[in-house]
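J.:
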Amino acid sequence: MNAFTPAPSLLRAASTTTLLEVDGVSLEYRTAERSVRATHQVSFAVDPGDRFILLGPSGCGKSTLLKAAAGFLQPQEGEMRLAGQRIDGPGADRIVVFQEFDQLLPWKTVKQNVMFPLLASRTVTRAEAEARAVLYIHKVGLGSFADAYPHTLSGGMKARVAIARALAMQPKILLMDEPFAALDALTRRKMQEELLALWRDVNFTLLFVTHSIEEALIVGNRILLLSPHPGRVRAEINSEQFDLTSSGSEAFQAAAQRIHRLLFNESAPAESAYQDTAVLLRSAP
Amino acid sequence: MTAHIPSRPEYEIALAPFTEKPLEHTLPLATRLWQYGWLRKGLILIVLAVIWELVARNQDNDLLLPGFLQTAEALFNGLASGELLVKSAASLDVLLRSYLIGILLAFGLTTLAVSTQLGRDLLSTLTSMLNPLPAIALLPLALLWFGLGEGSLIFVLVHSVLWPMALNTYAGFLGVSETQRMAGRNYGLKGVRFVALILVPAALPAILSGLKVGWAFAWRTLIAAELVFGASSGQGGLGWYIYQNRNELYTDNVFAGLTVVILIGLLVENLIFNGLERITIKRWGMQR
Numbered sequence: 006m007n008a009f010t011p012a013p014s015l016l017r018a019a020s021t022t023t024l025l026e027v028d029g030v031s032l033e034y035r036t037a038e039r040s041v042r043a044t045h046q047v048s049f050a051v052d053p054g055d056r057f058i059l060l061g062p063s064g065c066g067k068s069t070l071l072k073a074a075a076g077f078l079q080p081q082e083g084e085m086r087l088a089g090q091r092i093d094g095p096g097a098d099r100i101v102v103f104q105e106f107d108q109l110l111p112w113k114t115v116k117q118n119v120m121f122p123l124l125a126s127r128t129v130t131r132a133e134a135e136a137r138a139v140l141y142i143h144k145v146g147l148g149s150f151a152d153a154y155p156h157t158l159s160g161g162m163k164a165r166v167a168i169a170r171a172l173a174m175q176p177k178i179l180l181m182d183e184p185f186a187a188l189d190a191l192t193r194r195k196m197q198e199e200l201l202a203l204w205r206d207v208n209f210t211l212l213f214v215t216h217s218i219e220e221a222l223i224v225g226n227r228i229l230l231l232s233p234h235p236g237r238v239r240a241e242i243n244s245e246q247f248d249l250t251s252s253g254s255e256a257f258q259a260a261a262q263r264i265h266r267l268l269f270n271e272s273a274p275a276e277s278a279y280q281d282t283a284v285l286l287r288s289a290p
Numbered sequence: 030m031t032a033h034i035p036s037r038p039e040y041e042i043a044l045a046p047f048t049e050k051p052l053e054h055t056l057p058l059a060t061r062l063w064q065y066g067w068l069r070k071g072l073i074l075i076v077l078a079v080i081w082e083l084v085a086r087n088q089d090n091d092l093l094l095p096g097f098l099q100t101a102e103a104l105f106n107g108l109a110s111g112e113l114l115v116k117s118a119a120s121l122d123v124l125l126r127s128y129l130i131g132i133l134l135a136f137g138l139t140t141l142a143v144s145t146q147l148g149r150d151l152l153s154t155l156t157s158m159l160n161p162l163p164a165i166a167l168l169p170l171a172l173l174w175f176g177l178g179e180g181s182l183i184f185v186l187v188h189s190v191l192w193p194m195a196l197n198t199y200a201g202f203l204g205v206s207e208t209q210r211m212a213g214r215n216y217g218l219k220g221v222r223f224v225a226l227i228l229v230p231a232a233l234p235a236i237l238s239g240l241k242v243g244w245a246f247a248w249r250t251l252i253a254a255e256l257v258f259g260a261s262s263g264q265g266g267l268g269w270y271i272y273q274n275r276n277e278l279y280t281d282n283v284f285a286g287l288t289v290v291i292l293i294g295l296l297v298e299n300l301i302f303n304g305l306e307r308i309t310i311k312r313w314g315m316q317r
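Going line by line, the protein sequences match chains A and B. Residue numbering for the first sequence is 6 to 290, as defined by the working numbering. Residue numbering for the second sequence is 30 to 317, as defined by the working numbering.
#1: Using a Cβ-Cβ cut-off of 8 Å, state whether asparagine 215(B) counts as contacting chain A.
#2: Should glycine 131(B) and valine 187(B) be called a contact, given that it needs their Cβ atoms to be closer than 8 Å?
#3: Among the residues of its own chain, which have a CB less than 7 Å from the CB of isoleucine 34(B), if the five just before and after it don't count?
#4: Apart from the five residues on each side of it in sequence, which residues of its chain come closer than 8 Å, Cβ to Cβ, to isoleucine 249(B)?
#5: Kindly say whether arginine 37(B), judged by its beta-carbon, lies nearer than 8 Å to any beta-carbon of chain A.
#6: Taking CB distances under 8 Å as the criterion, tell me whether tyrosine 141(A) reaches chain B.
#7: When the distance is taken between beta carbons, is proline 155(A) closer than 8 Å to lysine 144(A)?
#8: Going by the beta-carbon positions, is the gap between isoleucine 271(B) and glycine 294(B) smaller than 8 Å?
#9: Would you say alanine 235(B) faces chain D, with C-beta separation under 8 Å as the test?
#10: Can you pull the chain B residues whose beta carbon is under 8 Å from the beta carbon of alanine 125(A), in chain order?
#11: Looking at chain A, is there any beta carbon in it that lies within less than 8 Å of the beta carbon of threonine 208(B)?
#12: Let me know if aspartate 55(A) comes out buried or exposed under the rule of 16 or more other beta-carbons within 10 Å of its beta-carbon.
#13: Within 8 Å (strictly less), CB to CB, does arginine 312(B) reach chain A?
#14: Can you check DSSP and say which residues form a bridge with tyrosine 34(A)?
#15: Could you pull the DSSP bridge partners for glutamine 90(A) from this structure?
#16: Quick one: which residues of the stretch 61-79 of chain A get their C-beta closer than 9 Å to a C-beta of chain B? List them in chain order.
#17: Would you mind working out which of Leu256(B), Tyr279(B), Gln273(B) and Lys241(B) sits nearest asparagine 299(B), comparing C-alpha positions?
#18: Hey, serine 31(A) and glutamine 81(A): beta-carbon distance below 8 Å or not?
#19: Are there 16 or more other CB atoms within 10 angstroms of the CB of threonine 139(B), so buried, or fewer, so exposed?
#20: For arginine 42(A) and proline 184(A), which I take to be in contact (beta-carbon distance under 8 Å), what is that distance rounded to the nearest angstrom?
#21: Closest to tyrosine 199(B) by C-alpha separation, out of Arg222(B), Ala101(B) and Ala231(B), would be which residue?
#22: Below 7 Å on C-beta distance, what does alanine 37(A) contact in chain B?
#23: Tell me the residue span of the alpha helix (DSSP H) that contains glutamate 220(A).
#24: Straight-line CA distance for leucine 152(B) to tryptophan 112(A)?
#25: Let me check understanding here. Comparing Cα to Cα, which of Thr288(B), Gln316(B) and Ser206(B) lies closest to leucine 114(B)?
#26: Hey, does proline 184(A) have any beta-carbon neighbour from chain B nearer than 8 Å?
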């Protein structure tokens, strides 16, 4: 069962090159009467420059894991380390891009929104913050909307501003919690493309939560599959070789089917197809 | 497998640029004028004044109901002689000072309430105890403690501003979305900076409505308190003006005093509060 889960000792050995280490983390959330276990002893490691995907059905605790990485939740057991430092609270070295459109502050213009975290965390001076804001707003293609208020923007534009705001902070790791889930299908596809282009341009490290197998394969280079109730690691899969142009290919479809089987614990209908994909995936760089 | 036979042929249309009609045109003048709030409200005021004048002429009793024109004349005389201006200034001076104290205390209490459990309990206990208490009911006590004068007025006015203001502000803070809170914490904001940079602007619609309610309560309480114990240190406010003129049966002056109370209320509401809303929450799309 645990063949896909690296042993914690292995993780520690690899910690010199690892950026984010999640080590046997169990998370619980409380209601008034009970405490519900969201994830159970989850371990994984994100390397610098990774586009690491947390994928699983609802109830697998993927968003809870991301919130814990952001420092909003404390693990019940285990710990998370960013560049060797234990995470024990929110901090500006990990910037979250949320799914909700209201993550932008409505009382600030696009440029002021992008500048806000830089000034609030006292990272840089006002002039430097403004220069960075202008740069990243141009990078996400919103140069002519710098002085617009968020309520005048479309959903896709708001998502772009949120990404620009996160990138301008130049965080150690960018945490994205289903950032495109509230967008329409066409806009979502375009945003995935732009995110990949930005990654090639800026080369940030990304931890990305999604429930879409297709999005995981397109956006990620590594995918961690989580099983629900409570969230446990089911598999880690490489997906470096897929992007938007390969989304119709047979290998892509096979990988998607393999993930589907792993997530929903179905037995493989055609053993040969499964092995083909496995070989293909292993031979990938 | 049989070939699929379409029920009708496909077609494509090459679209030339659209030039047949202008894409936008201006609305008729009457429709555009009707968009102006002050014009609509002014019309309502004129209709009310006409009705007032007609009823007064029908009654024909200056002592009980002076007409609009009579009141306007008394108002003009009062303003021209400077008496009404002095009285209004005296009232507004006390009002503004109490209002500011009330706002500061309300912010202090709500900031405490969002940061600690004990502050929360303190605020909810105090507001549920003191908010239903009419400010005027505290006046006898205030007179005992602070004597006949400004001190008592300020005490009851602060009481009338503080609780509704604190309740509204706190409700606004509670309504701030979880995403915006997490965003603020994500950037390392804590304590007073978190309140000032995230909670206050995000709760501004509720805070502004608290300011409005507080203003109305304070204004009301002030006039009532002045009517009860009148002049302080030889110089009364508008309430005292109304009271004096009633004693001397100058009913038109009473109406003039009331008109000033109403006018100041309208001005503050329409110029200050609406202006504030226009440059903040309406501009930010937080309120229509």
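Glycine residues also receive a C-beta, built at the ideal position from the N, C-alpha and C atoms.
T.: The short version:
#1: Taking the second sequence and counting its residues from 1, the one referred to as residue 215(B) is at position 186. Yes, because at least one Cβ of chain A sits closer than 8 Å to the Cβ of asparagine 215(B).
#2: By 1-based counting over the second sequence, the position of residue 131(B) is 102. By 1-based counting over the second sequence, the position of residue 187(B) is 158. Yes, Cβ-Cβ distance for glycine 131(B) and valine 187(B) is below 8 Å.
#3: As a position in the second sequence, residue 34(B) is number 5, starting the count at 1. Close CB contacts of isoleucine 34(B) within its chain, under the 7 Å cut and outside five residues either way in sequence, are absent.
#4: On the second sequence, residue 249(B) is found 220 positions in, with the first residue counted as 1. According to the sequence provided, residue 249(B) is arginine. The question's isoleucine does not apply to it. Correct list, in chain order: Ser189.
#5: Residue numbering aside, residue 37(B) sits at position 8 when the second sequence is read from its first letter. Closer than 8 Å: no.
#6: Against the first sequence, residue 141(A) aligns to sequence position 136. Chain B contact via Cβ: absent.
#7: Taking the first sequence and counting its residues from 1, one reaches residue 144(A) at position 139. Taking the first sequence and counting its residues from 1, one reaches residue 155(A) at position 150. Against a cut-off of 8 Å, the Cβ pair of proline 155(A) and lysine 144(A) comes out as no contact.
#8: Residue mapping note: residue 271(B) aligns to position 242 of the second sequence, counting from 1. Residue mapping note: residue 294(B) aligns to position 265 of the second sequence, counting from 1. The answer is no: Cβ separation not under 8 Å.
#9: No chain D appears in this structure, whose protein chains are A and B.
#10: Counting from 1 along the first sequence, the entry for residue 125(A) is found at position 120. Ordered by position in chain B, the residues that pass the 8 Å Cβ test against alanine 125(A) are Gly213, Tyr216, Gly217, Leu218, Arg222 and Leu226.
#11: The residue given as residue 208(B) occupies position 179 in the second sequence. Yes, contact with chain A.
#12: Taking the first sequence and counting its residues from 1, the one referred to as residue 55(A) is at position 50. Per the 10 Å Cβ criterion, buried.
#13: Counted from its first residue, the second sequence places residue 312(B) at position 283. By this cut-off, arginine 312(B) is an interface position.
#14: By 1-based counting over the first sequence, the position of residue 34(A) is 29. Tyrosine 34(A) is bridged to Val41(A).
#15: Your numbering for residue 90(A) matches position 85 in the first sequence. DSSP lists Leu87(A) as partners of glutamine 90(A).
#16: Lys72, Ala75, Gly76 and Phe77
#17: Stepping through the second sequence from its first residue, residue 299(B) is reached at position 270. When each option's Cα is compared against that of asparagine 299(B), the closest is Lys241(B).
#18: Sequence index remark: in the first sequence, residue 31(A) carries index 26 (1-based). Sequence index remark: in the first sequence, residue 81(A) carries index 76 (1-based). The Cβ-Cβ distance between serine 31(A) and glutamine 81(A) falls below 8 Å.
#19: Counted from its first residue, the second sequence places residue 139(B) at position 110. Under this definition threonine 139(B) is a buried residue.
#20: In the first sequence, counting from the first residue as 1, residue 42(A) sits at position 37. In the first sequence, counting from the first residue as 1, residue 184(A) sits at position 179. Not confirmed; about 26 Å, so no contact.
#21: As a first step, residue 199(B) is located in the second sequence; it is residue number 170 there, counting from the start. The candidate whose alpha carbon is nearest that of tyrosine 199(B) is Ala231(B).
#22: The count along the first sequence starts at 1 and reaches residue 37(A) at position 32. Ordered by position in chain B, no residue passes the 7 Å Cβ test against alanine 37(A), which lies about 15 Å from the chain.
#23: Taking the first sequence and counting its residues from 1, the one referred to as residue 220(A) is at position 215. Start and end: 218-224.
#24: As a first step, residue 152(B) is located in the second sequence; it is residue number 123 there, counting from the start. As a first step, residue 112(A) is located in the first sequence; it is residue number 107 there, counting from the start. Leucine 152(B) and tryptophan 112(A): Cα-Cα distance of roughly 28 Å.
#25: Looking up residue 114(B) in the second sequence gives position 85. Comparing Cα-Cα distances from leucine 114(B) to each of Thr288(B), Gln316(B) and Ser206(B), the minimum goes to Thr288(B).
#26: If you number the first sequence from 1, residue 184(A) lands on position 179. No, proline 184(A) lies away from the interface with chain B (no Cβ there is under 8 Å from its Cβ).
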